[in-house]
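If you read the sequences in order, they're chains E and D. Under this note's numbering, the first residue of the first sequence is numbered 15, with each subsequent residue one higher. Under this note's numbering, the first residue of the second sequence is numbered 15, with each subsequent residue one higher. Take a look at the structure set out below.
2 protein chains.
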Amino acid sequence: MCEANAYLIKGEEEEIIMEAVDTVKPEDDGLKLTSIFGEQKFLKARIHSLSLVDHKVFLKE
Amino acid sequence: MCEANAYLIKGEEEEIIMEAVDTVKPEDDGLKLTSIFGEQKFLKARIHSLSLVDHKVFLKE
């Protein structure tokens, strides 16, 4: 599997939002995250950057 | 390794931009993509969506 963890960038800090993220899709004015377990979260943010070998997806409001 | 392929969404079509992408970072008014081989590309686009289990990163202008 090739999932990643999603982090929300808040200033100098990074808050983990969801582990084992599979898909991130734009929905309304935010993002819908779905994990490999089927868990879903909606967040008013955009995708900021990726570091896939480190399994990291960074989001920003 | 957990790299993905980056595709640019153009209407109904998806054009492959880079294989084996490691990092995607905002730079100036676009994105800098770096592959696991160190190859770099700059693109005037934003990250649209992710499908990580499928190893796909979708970009949009």
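Glycine residues also receive a C-beta, built at the ideal position from the N, C-alpha and C atoms. As the structure is a computational prediction, the values presented were derived from the model and not from experiment.
- Neighbours of E/D36 in chain D, taken as residues whose beta carbon is under 9 angstroms from its own, are L64, S65, L66, V67, D68 in chain order.
- Between the beta-carbon of E/V38 and that of E/I23 there is about 14 angstroms, and that puts the pair past the 8 angstroms contact cut.
- Listed along chain D, no residue sits closer than 9 angstroms to E/A59 by beta-carbon distance, the nearest being about 12 angstroms off.
- In summary, E/E17 is buried, with 16 or more beta-carbon neighbours lying within 10 Å of its beta-carbon over all protein chains present.
- The beta-carbon separation of D/A20 and D/L47, rounded to 6 angstroms, stays under the 8 angstroms limit for a contact.
- Judged by DSSP secondary structure, D/H62 falls within the beta strand (DSSP E) whose first and last residues are 60-65.
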